[in-house]
Amino acid sequence: MTKIAQELGSIVGSDAVDQWENIEDRRRVEIARSLKAETFPSCIVYPHTEAELSEVIACAYQNKWRVLACGNCSKISWGGLVEVDLVVSTQRLNQLIQHAVGDLTVTLESGTKFADVQDILGTAGQFLALDPTAPELATMGGIVATADTGSLRQRYGGVRDQLLGMSFVRADGQIAKAGGRVVKNVAGYDLMKLFTGSYGTLGIITSVTFRVYPLPEASGTVVLTGTADAIAQALTNLRSSALVSIAADLLSSGLVACLGIGQGFGLLTRFQSIPESVNQQSAALLQLGQQLGLQGAIYSAGDEVNLWQKLGEPISASSTEPVITCKIGVLPSAAVATLTELNKIVPQSEILIHSGSGLGLLRFEANAATPQRILEMRSLCQSQSGFLTLLEAPVSLKQQIDVWGYNGNSLNLMRSIKQQFDSKNILNPNRFVGEI
Amino acid sequence: MLTQEKKQRNWKPIIKQFEAVVGKNGVVKRREELITYECDGLTSYRQRPDVVVLPRTTEQVAEIVKICDRNSIPFIARGAGTGLSGGALPTEDCVLIVTALMRQILSVDLENQQVVVQPGVINNWVTQTVSGAGFYYAPDPSSQIICSIGGNVAENSGGVHCLKYGVTTNHVLGLKLVLPDGSIVDVGGQIPEMPGYDLTGVFVGSEGTLGIATEVTLKILKTAQSICVLLADFTSVEAAGAAVSDIISGGIIPAGMEMMDNLSINAVEDVVATGCYPRDAEAILLVEIDGLEVEVAANKQRIAAICKQNGARNITTASDPVQRLKLWKGRKAAFAAAGHLSPDYYVQDGVIPRTQLPYVLQEIKYLGEKYGYRIANVFHAGDGNLHPLVLYDNSIPGALEKVEELGGEILKLCVKVGGSLSGEHGIGADKRCYMPNMFSPSDLEAMQWVRAAFNPKGLANPGKIFPTPRTCGEAARAQSAKQFETVERF
Ligand SMILES: Cc1cc2nc3c(=O)[nH]c(=O)nc-3n(C[C@H](O)[C@H](O)[C@H](O)COP(=O)(O)OP(=O)(O)OC[C@H]3O[C@@H](n4cnc5c(N)ncnc54)[C@H](O)[C@@H]3O)c2cc1C
Chain U
1 MTKIAQELGS IVGSDAVDQW ENIEDRRRVE IARSLKAETF PSCIVYPHTE AELSEVIACA
61 YQNKWRVLAC GNCSKISWGG LVEVDLVVST QRLNQLIQHA VGDLTVTLES GTKFADVQDI
121 LGTAGQFLAL DPTAPELATM GGIVATADTG SLRQRYGGVR DQLLGMSFVR ADGQIAKAGG
181 RVVKNVAGYD LMKLFTGSYG TLGIITSVTF RVYPLPEASG TVVLTGTADA IAQALTNLRS
241 SALVSIAADL LSSGLVACLG IGQGFGLLTR FQSIPESVNQ QSAALLQLGQ QLGLQGAIYS
301 AGDEVNLWQK LGEPISASST EPVITCKIGV LPSAAVATLT ELNKIVPQSE ILIHSGSGLG
361 LLRFEANAAT PQRILEMRSL CQSQSGFLTL LEAPVSLKQQ IDVWGYNGNS LNLMRSIKQQ
421 FDSKNILNPN RFVGEI
Chain C
1 MLTQEKKQRN WKPIIKQFEA VVGKNGVVKR REELITYECD GLTSYRQRPD VVVLPRTTEQ
61 VAEIVKICDR NSIPFIARGA GTGLSGGALP TEDCVLIVTA LMRQILSVDL ENQQVVVQPG
121 VINNWVTQTV SGAGFYYAPD PSSQIICSIG GNVAENSGGV HCLKYGVTTN HVLGLKLVLP
181 DGSIVDVGGQ IPEMPGYDLT GVFVGSEGTL GIATEVTLKI LKTAQSICVL LADFTSVEAA
241 GAAVSDIISG GIIPAGMEMM DNLSINAVED VVATGCYPRD AEAILLVEID GLEVEVAANK
301 QRIAAICKQN GARNITTASD PVQRLKLWKG RKAAFAAAGH LSPDYYVQDG VIPRTQLPYV
361 LQEIKYLGEK YGYRIANVFH AGDGNLHPLV LYDNSIPGAL EKVEELGGEI LKLCVKVGGS
421 LSGEHGIGAD KRCYMPNMFS PSDLEAMQWV RAAFNPKGLA NPGKIFPTPR TCGEAARAQS
481 AKQFETVERF
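Top line first, the protein sequences correspond to chains U and C.
Per our numbering, the first sequence starts with residue 1, numbered consecutively.
Per our numbering, the second sequence starts with residue 1, numbered consecutively.
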């Protein structure tokens with residue numbers, strides 16, 4: 001037993017510590033994909049309570065052990081490569097703390113799995129308005145740390161817009177909190193925003209309070225496919241119409257083909273409301289699309305659920321080739337044009353852009369990637385006021401380029417925030433923007 | 001004899017430097033003129049600033065702040081001065097940087113649904129600018145015709161339409177900031193979730209303690225196809241509260257849902273004389289719904305039915321803009337009306353879980369009786385944000401202290417039931433001594449880290465938000481260890 005494993009075992013119990021060699025294979029591979037070099041962490045620790053987690057981190061702080069924080073490891077390979085002494089998982093912090101049905105809020109421990117939360121809420125006719133990657137595996141803490149949601153951003157905003165409060169273990173091991181359990185609150189700084197998307201570099205989130213929503217009565221999706229010009233026109237018309245979608249995603253032809261929903265570019269628009277409204281809006285959009293010469297279909301019930309599920313899955317999941325996944329942003333008005341250009345750089349790429357926010361995902365097989373191509377795509381996005389961040393990619397590629405692509409002027413400010421929250425630089429060192 | 005060891009600053013050379021940046025007209029230094037700036041909307045605290053500077057551009061703000069930094073002068077940003085928590089209250093020996101001349105709408109991008117404005121732009125100018133094209137800016141504080149966007153950003157202001165669409169923070173995409181050392185940074189952008197920490201998110205609601213926002217990129221929304229306001233009156237506050245809960249749990253999210261009690265109904269009837277809120281009602285509920293015509297029609301029926309089930313006497317609905325405005329007019333004038341009922345009023349802004357509404361209102365009533373003050377209640381019922389207006393006369397010695405104590409009791413009650421000290425007005429100078437009721441020393445320390453990163457010398461709006469031992473000695477001592485253990489301080 002290493003010293004680290006031994007010492008932490010005395011805090012969490014030996015059943016909650018696995019030495020590196022004893023970690024199950026799949027997880028070990030996942031963790032290895034986030035490591036800078038072939039120096040492995042000594043162990044992974046699974047605290048059962050916030051108090052245990054606090055002790056573990058206090059111990060790490062005293063010893064200056066560097067910590068890689070994770071939930072269920074579904075996105076552990078995202079972000080910059082790290083070099084750490086141990087891994088801490090919140091997986092066993094998985095209790096529902098409170099579902100305030102009448103107040104439309106839910107408070108959970110951070111290791112609770114997203115799918116489990118949706119099940120609990122579903123029984124009360126409510127849901128979390130998030131559609132993260134790997135919903136069956138993702139924990140709430142991981143979703144917050146990576147700001148990971150998808151198409152539902154159109155109506156409900158990002159993770160930041162729905163997180164009402166949280167507690168966390170600070171780098172020195174003390175427990176702190178911010179926000180609250182009510183839907184409106186301006187007392188104190190909004191640390192929830194700061195932590196959302198901070199990739200575990202500021203503290204380890206132990207519980208979160210989210211706003212929840214009533215499940216809509218009816219749902220329907222209009223799929224339009226065709227030429228770039230016609231899709232661009234459809235988007236413009238949709239924007240200026242009275243229609244209110246909860247998701248409106250632009251799809252590259254590669255993605256359209258992969259989903260088997262037609263040819264050319266795609267526009268997937270989802271309506272959720274009372275049945276009359278969904279029917280009316282779906283019919284109106286379908287007609288609008290057809291007038292522009294687009295192929296169209298309305299998906300409902302099981303077909304619709306399957307369609308969105310498939311869209312959320314790593315598209316090339318079936319492929320054995322390593323895949324590159326990027327998070328991108330471009331001005332909404334430039335979405336179709338940028339998508340066309342991106343497609344020229346890597347023709348097979350599967351691209352999805354949420355048309356309201358301009359955020360999206362870009363995926364392609366790693367063998368099509370060179371650092372130069374990625375930088376080319378990045379500058380394309382940046383020329384549209386956006387960005388391109390490498391989420392998932394082979395370690396060898398991540399070693400060659402800056403994964404984040406931050407080109408702003410507030411890096412110093414970000415660094416001093418990190419310095420304040422984690423003066424010894426023990427939490428996910430090097431994982432974030434500017435080697436934070 | 002009181003011998004204060006306060007070294008008097010020699011302002012002359014500093015004023016010269018300010019004038020070099022903004023010109024003579026941009027610096028206010030005459031005592032009579034400075035009086036305008038000695039308080040914000042919370043008029044019970046006053047402190048005259050030493051100097052007021054009125055810059056026009058980001059660069060000018062940066063130069064002014066640099067001068068402050070070099071000379072270790074505390075500076076305080078001020079927008080329209082309508083804040084209700086003393087956020088823009090000057091401190092001794094300070095410069096007030098007022099954005100009143102920074103009133104340009106810098107760009108409008110309808111295609112991407114965003115506008116960039118200077119911080120002094122008045123809230124409802126944004127909507128006015130884009131409404132012709134079918135858009136609007138959602139956060140609409142009742143003070144929207146006078147308050148500034150910069151103030152809204154600093155306070156994370158809400159409004160009656162924030163139930164469905166969120167508060168200011170949900171509508172700010174990016175900011176240009178002058179940091180307390182005078183450097184200029186851009187945070188956020190035109191697209192959400194740019195790489196890096198969400199500095200926009202942490203700046204919004206930071207009450208001027210992290211720097212000065214000099215450009216704000218706001219999201220605008222498409223105007224709904226159909227809008228309807230529904231007014232229901234009830235013979236008890238509890239019944240109205242129950243209707244609120246039923247509407248929400250029925251799966252309807254109205255754009256806004258507001259409640260007023262009998263005292264405030266009568267106050268606005270006296271002042272605005274709308275003749276549409278029945279004076280004998282114990283409570284009225286205003287519900288605005290928006291969406292497609294079919295949705296609005298269906299929800300109108302459902303909400304009316306829910307109100308009826310909960311004992312509503314009359315239900316009035318209005319769909320055309322003029323009628324809608326008429327129904328809202330009383331609510332928007334509620335604070336002003338309270339000013340007519342009584343020489344002074346003190347507003348609180350606590351938040352509670354919606355479901356605790358009937359209990360908390362009852363308790364507030366008891367507290368009012370106990371302290372001997374009338375309390376009018378207007379509130380954002382949909383999100384549990386209360387605005388008890390305590391009516392009093394400031395010319396009676398000791399009254400303010402009593403009223404503040406009563407206000408404090410109300411806030412503690414809100415925290416006790418799982419709520420918050422403030423929903424939209426901010427902590428400011430007013431409520432900071434109650435922060436330990438809601439947050440532990442460890443929580444507050446973590447928040448201070450943010451401040452230390454942005455504002456290491458503490459020159460930007462000192463003495464706000466956080467309790468200090470000097471000013472909150474009493475409150476801090478009153479925090480017994482026992483209280484820390486048991487109170488769920490969320
Ligand atoms: C009648 C009335 C009704 C109101 N109704 C509502 C309501 O419905 N909802 C609501 O939320 N509020 C309401 N308010 C409160 C107030 O209007 C808001 O807080 C508003 O946002 C303050 O804007 P202001 O321009 O007056 O800011 P000020 O009072 O001038 O300043 C407020 C705070 O913002 C800081 N600040 C100002 N400009 C900047 C800047 N550019 N950069 C950084 N910091 C800055 C100041 O330092 C101060 O801390 C009401 C007030 C009144 C008087």
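Every residue gets a Cβ at the ideal spot worked out from N, C-alpha and C, and that includes glycine.
Item, Value
"Consult DSSP for C:Glu405 and reduce its assignment to one of helix, strand or coil.", "helix"
"Check whether chain U comes within 8 Å of C:Pro195, counting only Cβ atoms and requiring the distance to be less than that.", "yes"
"Listed in chain order, which residues of the segment 168 to 186 of chain U have Cβ atoms closer than 7 Å to some Cβ of chain C?", "Arg170, Gln174, Ile175, Ala176, Lys177, Ala178, Gly180, Arg181, Val182, Val183, Lys184, Asn185 and Val186"
"Give, in chain order, every residue of the segment 405 to 434 of chain C whose Cβ lies closer than 7 Å to some Cβ of chain U.", "Gly418, Gly419, Ser420, Leu421, Ser422, Gly423, Glu424, Gly426 and Ile427"
"According to DSSP, which residues form a beta bridge with U:Thr225?", "U:Gly266 and U:Gln295"
"Check whether the segment 342 to 357 of chain U touches the segment 244 to 258 of chain U, counting contact only when three or more Cβ pairs, one atom from each stretch, lie closer than 8 Å.", "yes"
"Where does the unbroken alpha helix (DSSP H) through U:Gln419 begin, and where does it stop?", "Leu411 to Phe421"
"Leaving aside the five residues before and after U:Lys177 along the sequence, list all residues of the same chain whose C-beta is less than 6 Å from its C-beta, in chain order.", "Ser167"
"Compute the distance between the beta-carbons of U:Gly356 and U:Ala248, then report whether it is under 8 Å.", "yes"
"Just list the alpha helix (DSSP H) runs in the segment 22 to 77 of chain C, keeping only unbroken ones of 4 residues or longer that don't cross its boundaries, in chain order.", "31 to 34 and 58 to 70"
"Would you call the segment 295 to 305 of chain U and the segment 188 to 197 of chain U touching, i.e. three or more CB-CB distances under 8 Å?", "no"
"Does the pairing of the segment 148 to 162 of chain C with the segment 422 to 431 of chain C give three or more beta-carbon distances under 8 Å?", "yes"
"Pick helix, strand or coil for U:Gln126, following the three-state DSSP scheme.", "strand"
"CB-CB under 6 Å to U:Glu55, same chain, minus the five flanking residues each way: which ones, in chain order?", "Ile11"
"Which residue from U:Met140, U:Leu130 and U:Val117 puts its Cα closest to that of U:Tyr156?", "U:Leu130"
"For C:Thr486, which residues in the same chain have their Cβ closer than 8 Å to its Cβ, ignoring the five residues on either side in sequence?", "Interpretation of C:Thr486 is limited by its pLDDT of 39, a score under 50 that renders its predicted location unreliable; the figure taken from the coordinates is listed afterwards. Nothing meets the Cβ criterion."
"Using the beta-carbon of each residue, which ones in chain U are nearer than 7 Å to C:Gln225?", "Ala242"
"From C:Ala481 to U:Phe127, what distance separates their C-alpha atoms?", "Model confidence at C:Ala481 stands at a pLDDT of 36, short of 50, so the residue's coordinates are unreliable and nothing is read from them."
"Pick from C:Glu445, C:Asn266, C:Arg70 and C:Tyr373: whose alpha carbon is nearest that of C:Ala336?", "C:Asn266"
"Examine ligand 1 and report whether any of its heavy atoms sits within less than 7 Å of the Cβ of C:Gly425.", "Reading the sequence as shown, one finds His at residue 425 of chain C and not Gly. Because some heavy atom of ligand 1 lies under 7 Å away, the Cβ of C:His425 counts as near it: yes."
"Take U:Asp103 as the anchor and find which of C:Arg46, C:Val417 and C:Val61 has the nearest alpha-carbon.", "C:Val417"
"What does the alpha-carbon distance come out to for the pair C:Gln17 and U:Leu339?", "51 Å"
"For chain U, find out if any of its Cβ atoms is closer than 8 Å to the Cβ of C:Gly158; answer yes or no.", "yes"
"Threshold first: 4 residues or longer. Then list the alpha helix (DSSP H) segments lying entirely within the segment 125 to 198 of chain U, N to C.", "140 to 146, 153 to 156 and 191 to 195"
"List the residues of chain C that U:Asn409 touches, going by C-beta distances under 7 Å, in chain order.", "Val185 and Asp186"
"For U:Gly79, which three-state DSSP category applies?", "coil"
"Given 8 Å as the limit, is there contact between the segment 392 to 401 of chain C and the segment 348 to 359 of chain C, that is, 3 or more CB pairs closer than that?", "no"
"Distance check for C:Thr471 and C:Leu2, CA to CA, integer angstroms please.", "The predicted model places C:Leu2 with a pLDDT of 44, which falls under 50 and marks its position as unreliable; any figure quoted below should be read in that light. Taking the straight line joining both Cα atoms gives about 18 Å."
"Helix, strand or coil: which one does DSSP assign to C:Ile265?", "helix"
"Can you check DSSP and say which residues form a bridge with C:Tyr346?", "C:Val390"
"What do you get for C:Ala478, buried or exposed, if any count of 16 or more other CB atoms within 10 angstroms of its CB means buried?", "Here the model assigns C:Ala478 a pLDDT of 43, short of 50, so the residue's position is not dependable, and the following value carries that caveat. Exposed."
"Rounded to the nearest angstrom, what separates U:Val330 and U:Gly312 at their Cα positions?", "20 Å"
"Less than 7 Å separating the Cβ of U:Arg155 from some heavy atom of ligand 1?", "no"
"Alpha carbon to alpha carbon, what distance is there between C:Phe439 and C:Met102?", "36 Å"
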